[in-house]
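Per mature numbering (1 follows the signal peptide of the UniProt record, and there is no 0): the sequence shown = residues -20 to -1, 1 to 221.
Positions of the beta carbon are idealized from the N, C-alpha and C atoms, including for glycine.
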Amino acid sequence: MDYHLRLFLSLALLLPCVISIDPLFSVCSTSDDHYFVPDNTFKHNLDKLMFVLANQAPAIGFGLESVGQGHNRVNGLVLCRGDLKSTACSTCIRAADAWISKLCPYKKEATIWFDHCLLRYSNNEFFGELDNSNEFCMSNTLNISTNSVVFHGKVTKLMNKLTMAAHLSPLLFTTGEMKVGESEKLHGLVQCTRDLSGGDCKKCLETAISELATCSHGKKGGRILGGSCNIRYELYPFFEH
C-alpha cells in the first residue's frame, strides 16, 4: 500500500478518538483581515506548523515554532500540563489540532484550551509576550461547607507559594498540597508557557490568583486559564505526582 495512503488511513482512524476529547474553551480572531482561503500558502504553512508541533512538543511538553515569511508567516505554541507523560501530551495536541480547525475555520489567529494542553497560533508575533487578554474562569459546582473567607485565604496562600516556586523553575510549573482540615487537602497547580521570563510568569500567575476571588469564591475548586499561564485548585487530587 502507498505510504501516503497508509498515513491518510491512520489519521482517519485517529481523528474520531482525538475529537472525542472536548475542549474547555476556544477563542477565534474576529478581525475581517484574519481570514485565509483554503489551499493557499498560509494554510499550507499552518498545516506544516501543526505537524512540527505535534511531533516535537510531546517529548518535552512544550513547542514553539514559526513557518513561512511575510504575511503568510504563522507562529504557533503548544503547552502540555507539566505532569503529563509524552503519550498523553501527544494525544491532547492532536485533539487540539483537530478541534481548532473545526471551531476556528480559516482564521489566522486562534487559541484553544483543554484539560491537558493549550494550543495557540497567529500570523502576528507573540512569543515571549505576556498575554492576559484571553483569560477565562471555570469553577467547581460544589460549595464549601466551611467559612468561605478563611478557605479562600488558604487557597490564595497555596497559590502564592506555588507561584514563588514555579517562576524560578525551568519548566515554569509546579504542584502542591495544603491541609485545610482534619481530613481534607487543597491540591494546587500553576503553570506558565515557557517562552515567558520568570518575572513575567510571576506577574501572570499573580494576576490569575487575584481573579480567583470573583471566579470561584466559596467553591470547592476553580481555575483561571489564559494565553500565558493557568492556575487550578481542587479538594481532590487532579495531577500526577
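### Message
Give me, in chain order, the residues of the same chain whose beta-carbon lies closer than 8 Å to that of residue 25; leave out the 5 immediate sequence neighbours on both sides.
### Response
Position 45 of the sequence shown, counted from the start, is the residue given in the question as residue 25. For residue 25, where only same-chain residues beyond five positions count, the Cβ hits under 8 Å are 47, 48, 52, 53 and 54.
#### Entry: Which of helix, strand or coil DSSP assigns to residue 46
If you number the sequence shown from 1, residue 46 lands on position 66. It is a strand residue.
### Task
Would you be able to state if there are at least three C-beta pairs under 8 Å between the region 123 to 143 and the region 164 to 175?
yes
### Query
Does DSSP put residue 223 in a helix, a strand or coil?
Limits of the chain in this structure are -20 at one end and 221 at the other, which puts residue 223 out of reach.
### Task
Measure the C-alpha to C-alpha separation of residue 149 and residue 37 and round it to an integer number of angstroms.
Counted from its first residue, the sequence shown places residue 149 at position 169. Counted from its first residue, the sequence shown places residue 37 at position 57. Residue 149 and residue 37: Cα-Cα distance of roughly 19 Å.
### Message
I need the boundaries of the alpha helix (DSSP H) containing residue 165, first residue and last residue.
### Response
Position 185 of the sequence shown, counting from 1, holds the residue named residue 165. Residue 165 -> not in any alpha helix (DSSP H); beta strand (DSSP E) instead, spanning 165 to 172.
### Query
Relative to the C-alpha of residue 220, which residue among 62, 43 and 22 is closest?
Against the sequence shown, residue 220 aligns to sequence position 240. Looking at the Cα atoms, 62 is the closest of the given residues.
### Residue nearest to residue 80 in terms of C-alpha spacing, selected from 173, 218 and 2
Here the question's residue 80 lines up with position 100 in the sequence shown. Among 173, 218 and 2, the Cα nearest to that of residue 80 belongs to 2.
### Message
I'd like the span of the beta strand (DSSP E) that includes residue 159, first residue to last.
### Response
Here residue 159 corresponds to residue number 179 of the sequence shown, with the count starting at 1. 153 to 159 is the span of the beta strand (DSSP E), which, as asked, contains residue 159.
### Query
Does residue 37 have its Cβ less than 8 Å from a Cβ in chain C?
Protein chain content of the structure displayed is limited to a single chain, and chain C is not contained in it.
### Query
Which of helix, strand or coil does DSSP assign to residue 59?
Mapped onto the sequence shown, residue 59 falls at position 79. DSSP places residue 59 in strand when its eight states are reduced to three.
### Message
To the nearest angstrom, how far is the alpha carbon of residue 174 from that of residue 64?
### Response
Sequence index remark: in the sequence shown, residue 174 carries index 194 (1-based). Sequence index remark: in the sequence shown, residue 64 carries index 84 (1-based). The alpha-carbon atoms of residue 174 and residue 64 are separated by roughly 15 Å.
#### Entry: residue 199 - DSSP class collapsed to helix/strand/coil
Counting from one through the sequence shown, the residue named residue 199 turns up at place 219. Reduced to three states, the DSSP call for residue 199 is strand.
### Task
Just tell me which of 115, 132 and 117 has its CA closest to the CA of residue 123.
The residue given as residue 123 occupies position 143 in the sequence shown. It is 132 whose Cα lies nearest to the Cα of residue 123.
### Backbone CA spacing between residue 216 and residue 194 [nearest angstrom]
As a position in the sequence shown, residue 216 is number 236, starting the count at 1. As a position in the sequence shown, residue 194 is number 214, starting the count at 1. Taking the straight line from one Cα to the other gives about 21 Å.
### Message
Would residue 6 and residue 71 qualify as a contact pair, given that the criterion is a beta-carbon distance under 8 Å?
### Response
As a working mapping, residue 6 is identified with position 26 in the sequence shown. As a working mapping, residue 71 is identified with position 91 in the sequence shown. Their beta carbons are not under 8 Å apart, which means residue 6 does not touch residue 71 by this criterion.
#### Entry: contact_flag[the region 151 to 159, the region 192 to 208] where n(CB pairs < 8 Å) is 3 or more
no
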